[in-house]
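Below is one structure; the comments refer to it alone.
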Amino acid sequence: MSEGGGSRVIRVTNVAPQATRDQMHTLFSHIGRIDDIRLYPSVRDASVSISSRVSFVKFSECSSAIVGTHLNNTVFIDRALIVAPVRDGLIPEEAEGLSAAHASSSAKFSESKFPPNITNSIQGNLVFTGDTLLDSAGLPGYPPMPAATPTETLEELRRTVCVSYIDPGLPAQQCMEFFAKEAGEVKYFRYCSRAADSLKYALIEFTNQSSVIPALLLNDRVLGENQLKVTHATKPIIKLSAKSNEDAQKEIEEALTRVKEAQSLVAATVDPLMGMLGGNTTTSTTGSSLSVAAAGGLTR
1 MSEGGGSRVI RVTNVAPQAT RDQMHTLFSH IGRIDDIRLY PSVRDASVSI SSRVSFVKFS
61 ECSSAIVGTH LNNTVFIDRA LIVAPVRDGL IPEEAEGLSA AHASSSAKFS ESKFPPNITN
121 SIQGNLVFTG DTLLDSAGLP GYPPMPAATP TETLEELRRT VCVSYIDPGL PAQQCMEFFA
181 KEAGEVKYFR YCSRAADSLK YALIEFTNQS SVIPALLLND RVLGENQLKV THATKPIIKL
241 SAKSNEDAQK EIEEALTRVK EAQSLVAATV DPLMGMLGGN TTTSTTGSSL SVAAAGGLTR
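full-length UniProt numbering numbers the first residue of the sequence shown as 1 and each following residue consecutively.
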């Protein structure tokens, strides 16, 4: 724990299994100097199936950790990172870190179970999904799927919506942040297209199935220059098993834009406060690190 009482450590979950420690270090080192960084599980064995990793980053300054939390929901290797401060300021060992990450995820959602309001029934060669909350909201029901659809795939589909008529110039990050703010936490996001038309589509898989209803209610909302159309997805997002260093570097560069925006937000919050207290704030112009002489609680 640092002298100011704030933590210098952040926990990053929902990290793609193919992500490397070096990639995570590159992403967060632009925020400020890193004292230590861990990526769990540390094993790199192709025979071992890993669905996601968790990273712990310890900065030299508390202000860097504050900026780091602003990378929450940043898309990195097809996943939206979940960033949170570690209150005790300590990086746990691997077993404890994985346990804490699992507990954090389990507290928010279950990846393999349907909520109580969801029922599935097989009729002929199709599986039909009923949702009492969806019916109460007066929204269209889930489209039937082949009876042979794996339960895990079906559960993912029932947390996924398809968005069409997207403004061609709308950045993926802006679109994802819109749905994350209005509907709920996004787990996977993917822009896509169809050969049959020239429309821009997005598949959005939410962390919680309960986010589907508020997402569908965004139908006909205007984002950018276009009026969106939001429907149930009939295809799941294909999770890529590998990504080139070039693609990963591009995502790091896009994330750095958010870092700079976060630094500006922190500086804008602190500067007026320090002006009243007669103190000084110093923002590095040669790097990305931000040094704050003194500050009260910051809210986003």
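For glycine and all other residues, C-beta sits at the position ideal for the given N, C-alpha and C. Just so you know, these numbers come straight off a predicted model, no measurement behind them.
Inset, instruction - Please work out which residues of its chain come closer than 7 Å, Cβ to Cβ, to Pro-144, disregarding the five sequence neighbours upstream and downstream, and give them in chain order. - result: Leu-126, Val-127, Phe-128
Legend entry - the region 152 to 168 touching the region 226 to 233, judged by at least three CB pairs closer than 8 Å: yes
Inset, instruction - Evaluate Gly-138 with the Cβ neighbour count: other Cβ atoms within 10 Å of its Cβ, from every protein chain shown; 16 or more gives buried, anything less gives exposed. - result: exposed
Legend entry - Neighbourhood of Ser-193 by C-beta distance below 8 Å, restricted to the same chain and skipping five residues each side: In its chain, beyond the 5 residues on either side, Leu-199, Lys-200, Tyr-201 have a beta carbon closer than 8 Å to the beta carbon of Ser-193.
Legend entry - Coarse secondary structure for Glu-189, derived from DSSP in three states: The sequence shown places Phe at residue 189, not Glu. Phe-189 falls in the strand class under three-state DSSP.
Inset, instruction - Drop a sphere of 10 angstroms on the beta-carbon of Arg-33, count the other beta-carbons inside from all chains shown, and report buried for 16 or more, exposed for fewer. - result: exposed
Inset, instruction - Kindly indicate which three-state DSSP category Leu-273 falls into: helix, strand or coil? - result: Because the pLDDT at Leu-273 is just 46, under 50, the model does not fix this residue reliably, and the value given afterwards should be weighed accordingly. In this structure, Leu-273 counts as helix in the three-state DSSP scheme.
Legend entry - Minimum C-alpha distance to Pro-214 - residue among Leu-133, Pro-168, Val-67, Pro-171: Leu-133
Legend entry - CB contact flag (Gly-89, Ser-29, <7 Å): no
Inset, instruction - Give the straight-line distance between the Cα atoms of Ile-31 and Ser-64, rounded to the nearest whole angstrom. - result: 6 Å
Legend entry - Member of Ile-204, Ile-10, Ile-238 whose CA lies at the smallest distance from the CA of His-70: Selected option, being the one with the closest Cα: Ile-10.
Legend entry - Host beta strand (DSSP E) of Ile-204 (start-end): 201 to 206
Legend entry - Supposed close pair Ala-84, Ile-122 - CB separation, criterion 8 Å: Not confirmed; about 40 Å, so no contact.
Inset, instruction - Check Leu-170 in the structure and name its three-state DSSP category. - result: coil
Inset, instruction - Flag this pair as yes or no: are the beta carbons of Arg-190 and Ile-118 separated by less than 7 Å? - result: no
Legend entry - Neighbourhood of Lys-108 by C-beta, 6 Å cutoff - its chain only, sequence neighbours within 5 removed: Residue placement at Lys-108 cannot be trusted, given a pLDDT of 40 that sits under 50; the coordinates are not used to answer.
Legend entry - Same chain, Cβ closer than 6 Å to Thr-234, neighbours up to 5 away in sequence not counted: Pro-143
Inset, instruction - Starting from the C-beta of Glu-94, find all residues in its chain whose C-beta is less than 8 Å away, skip the five residues before and the five after it, and write them out in chain order. - result: So the qualifying residues of the chain are Arg-38, Tyr-40, Pro-41, Ser-42.
Legend entry - Check whether Ala-16 and Ile-77 have beta carbons under 7 Å apart: yes
Inset, instruction - Provide the residue(s) that pair with Val-12 in DSSP beta bridges, ordered along the chain. - result: Ser-55, Val-83
Inset, instruction - Return yes when the C-beta of Tyr-201 is under 6 Å from any heavy atom of the ligand GDP, and no when it is not. - result: You won't find the ligand GDP in this model; it holds no ligand whatsoever.
Legend entry - Ala-101 beta carbon less than 7 Å from that of Thr-13: yes
Inset, instruction - Within its chain, find whatever has a CB closer than 8 Å to the CB of Asn-120; leave out the 5 residues flanking it on each side and keep chain order. - result: Phe-114, Val-127, Phe-128, Thr-129, Gly-130, Leu-154
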